[in-house]
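Heads up, the thing below is written out as C-alpha cells.
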C-alpha cells in the first residue's frame, strides 16, 4: 500500500519534470544535480503502463532496470545476467531508445576509487548488453561513485542496494 | 572575489637583526611536547579608531597559537605588570614570575579603512627580543589576515618552521539529505572564517585542489552530464573545462608543482589510468596502462615522482612511480586498503586514507613505506590535505547512518590536537592552499 502511494507521488512529480525535459525518462545523468533520478525505480512509469511491454515502465519494473554487485566487484551475477538479457531483448525490440548506464558504489570506500569502481560496473553492464547484440552507440556510461545512494542506512542491507548499475532510458530522437 | 588587502611587511628597526635567535626554541618532534607558555596583552590602540579592533586582533593571535597545541596562553588575570605602551621597556622579571616564556606585544593604528599593526616578540627567560619588530599594513576588513600573519611570525620564530595561519582552504560545502546531497565549491580561511562560495549547487562538484600559488583551483564537475575537470580562476571565479585525453570520465586532478600541467585520472571502457595534460598546449601523456584502477595521483615536491593508488594487487595500495610513468613500486604493506595518498610539502611523508576492519583512518608513512602511523580512526575518514608547512593534516569525517553528514577536521602529524574546523554547515574534500603572500 505504502509503495503504491509512493509510486503515485513520484509519478506526479516526475510527470511535471517530463514537461520540461521531454527526451529524458528519469535517471540522474541529465537532471542537473542528479537529484530526481538516480534510480528511484519508478522513473519509467511516466512513459506508459508497466503492462505495456513496449513502455519504459515495463523495462524498469517488469524486466528490471538495475543489477546489483558484491562488495568491490564488477562481476555480473547470474541474476544480473538474467536481468540484462531482458534489457538487451527489450532494447533490440524498442530501437528508438538509447540508454545511459549509471554505475554506483556503497559508501565504504574513498571517493576517487568509488568513481572508478562505478565506471567498472557501468562498463560491465554495457559490455554485456553489447555482447547480446545492442549497438554500443546506443549506450553511454557514467559513474556516480558513492555520491548518489538510494538507500541511506549504514549497513549491508542498504549497501547491497547501492552497489548497482542502473540502465536509464532516453528517446533516441537523434539517430546516428 | 574581492582582494581583501594588500599586505606589506617592513622591519620597524633599521639595520640587521641578530641572526642568532635566543634560547627560546620549540623543536617540533613526535615526542610529548610541553607547550610554550605565552602572554599576549591586548595590543595598544594608537588612536581611538583602533580601539575596537585591537582586542579582536589580539584574541585571534592567541587563538591561532593556542590552537596548535604547541603553545599555551597565560591568562590576563595572572599578569603582574601591564603593557600600556608598545614602546615601554619590558619588565622581564614580572613575566618570568608568572611563567610566561614568550611575550607578544603590539600596537594598532586605524585610519579610515586602512590599518597598521606593529608587533614584537620577547623571549622572557633570555630577556631579549626574538627577531625584529614587524609592521603590517592593510585594510580594516582584512584584520584577520593581519592577525594570522602576526601569529605565523611568532610560530615561525619559535619553532624555526614556516607557519600556516594565513592560508585558505578550498572544499565542498554540502547540504541536503544523504540521497540528494547538494554540493558547492567554497573557499575559507584555514580556521573556517570568511567562507565564499565559488559555484552554485546545480550539479555535483568534488575534490577541488588548489594550485601551488593558490591562484587557481581544479575540481571535478558533472555540469556537462559526465564527470569532467574544470579549472577555476580564484580572482574572477571564471572557469573552463580542462582539455584532457579522450575518455568517458576525468577526475582526481592535481596541479604539477609549477602549476603548468595537471595529473589526473581518466576512465574509459571501465579502466581508470593516470594521465598528465599540459595546460598551455593541451598535450597529454598517459602515465599508467594497467587494466586495474589507478587513481589519486600526487606529485613529490621536486616534481620527479608520483604517488598514487592502484588495485593491481587485488586491493587498493599505494605506489610510487616516476613523474613520466613507467615501473611503480608498492610502498604500503600493512593490513587493509590504502588510498588517496598525498605527498607532504617537505617531501618526507605520504599522508593517506586507510580502510581496515570496517574503520577508516588518516595516516602517514615515509615515502619508502616505513614508519606507518595512523593518526585517526572513525566510521569514515578520508581525503587528507597538508598544511603549507607540512605539520598539520586536514581531512573529511563522515558520520554514519541516515542522518550522516560530513565535517572537516584537522590533526597534527604527531597524532595530537584533533579538532573540528569551524565550518558553517557540512563540508568535505578540503584542499589546503599555500601561505598567502
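Chains as they are written, first to last, in UniProt numbering: chain G, 1 to 176; chain W, 1 to 437.
Backbone N, C-alpha and C fix where the C-beta goes; we use that ideal spot for every residue, glycine too.
Bear in mind that the values here come from a model prediction, so they are computed numbers and not experimental data.
- Residues of chain G with a Cβ closer than 8 Å to the Cβ of residue 179(W) are, in chain order, 38, 148, 149, 150, 151 and 152.
- For the stretch 108-177 of chain W, the continuous alpha helix (DSSP H) assignments of 4+ residues that do not extend past its boundaries occur at 143-159, in sequence order.
- Closest by C-alpha distance to residue 244(W), out of 234(W), 225(W), 256(W) and 265(W), is 265(W).
- Contact between the stretch 82-98 of chain G and the stretch 229-244 of chain W is absent: fewer than 3 CB-CB pairs across the two stretches fall below 8 Å.
- Close partners of residue 405(W) in chain G (Cβ separation under 9 Å) are lacking, with about 11 Å as the shortest Cβ gap.
- Its Cα nearest to that of residue 82(W), the residue 40(W) stands out among 108(W), 110(W) and 40(W).
- Residues are counted here when their Cβ sits less than 9 Å from a Cβ of chain G; for the stretch 187-208 of chain W these are 201, 202, 203, 204, 206 and 207, given in chain order.
- 187(W) is the residue among 193(W), 191(W), 246(W) and 187(W) whose C-alpha sits nearest the C-alpha of residue 219(W).
- The beta-carbon of residue 108(G) is placed less than 9 Å from the nearest beta-carbon of chain W.
- Judged by DSSP secondary structure, residue 287(W) falls outside any beta strand (DSSP E); it is assigned neither H nor E.
- By the Cβ neighbour-count rule, residue 114(W) is exposed, with fewer than 16 other Cβ atoms within 10 Å of its own.
- Judged by DSSP in its simplified three-state form, residue 364(W) adopts strand.
- Close partners of residue 141(G) in chain W (Cβ separation under 7 Å): 248.
- At least one CB of chain G lies nearer than 9 Å to the CB of residue 353(W).
- Separation of residue 350(W) and residue 122(W) (C-alpha to C-alpha, rounded to the nearest whole angstrom) is 36 Å.
- Any Cβ of chain W closer than 9 Å to the Cβ of residue 116(G) would place that residue at the interface, and such an atom is present.
- Annotation: the continuous beta strand (DSSP E) that includes residue 309(W) extends over 305-310.
- Per DSSP, residue 83(G) is one residue of the alpha helix (DSSP H) stretching across 78-93.
- Per the coordinates, the alpha-carbon of residue 144(G) lies some 26 Å from the alpha-carbon of residue 299(W).
- If you draw a straight line from the Cα of residue 377(W) to the Cα of residue 410(W), it is about 13 Å long.
- With respect to residue 70(W), residue 195(W) sits apart: the two C-beta atoms are not nearer than 9 Å.
- Within the same chain, 291 come within 7 Å of residue 271(W) by CB-CB distance, once the 5 residues on both sides are set aside.
- Residues of chain W with a Cβ closer than 7 Å to the Cβ of residue 123(G) are, in chain order, 269 and 270.
- Taking 9 Å as the threshold, the shortest C-beta distance from residue 340(W) to chain G falls below it.
- When only Cα atoms are considered, residue 414(W) and residue 57(G) end up about 57 Å apart.
- Judged by their CB atoms, residue 227(W) and residue 171(W) are not nearer to each other than the 9 Å cut-off.
- Within the stretch 219-243 of chain W, contact with chain G at the beta-carbon level (separation under 9 Å) is assigned to 220, 222, 223, 225, 226 and 227.
- CA-to-CA, the gap between residue 107(G) and residue 146(G) works out to about 5 Å.
- Between the stretch 255-262 of chain W and the stretch 293-313 of chain W, the count of Cβ pairs shorter than 8 Å is three or higher; the stretches touch.
- As for any beta strand (DSSP E) of minimum length 3 sitting wholly inside the stretch 190-240 of chain W, the runs are 205-210, 216-221 and 228-233, ordered along the chain.
- Annotation: the continuous alpha helix (DSSP H) that includes residue 92(W) extends over 92-97.
- Exposure of residue 368(W) is indicated by the presence of fewer than 16 other C-beta atoms within 10 angstroms of its C-beta.
- Considering only 346(W), 168(W), 250(W) and 402(W), the residue with the shortest C-alpha distance to residue 234(W) is 168(W).
- Under a criterion of Cβ atoms nearer than 8 Å, the residues of chain G adjacent to residue 293(W) are, in order, 113, 116, 117 and 120.
- When DSSP states are grouped into helix, strand and coil, residue 75(W) belongs to the coil group.
- In this structure, 26(W) is the residue among 180(W), 112(W), 403(W) and 26(W) with its C-alpha nearest to the C-alpha of residue 130(W).
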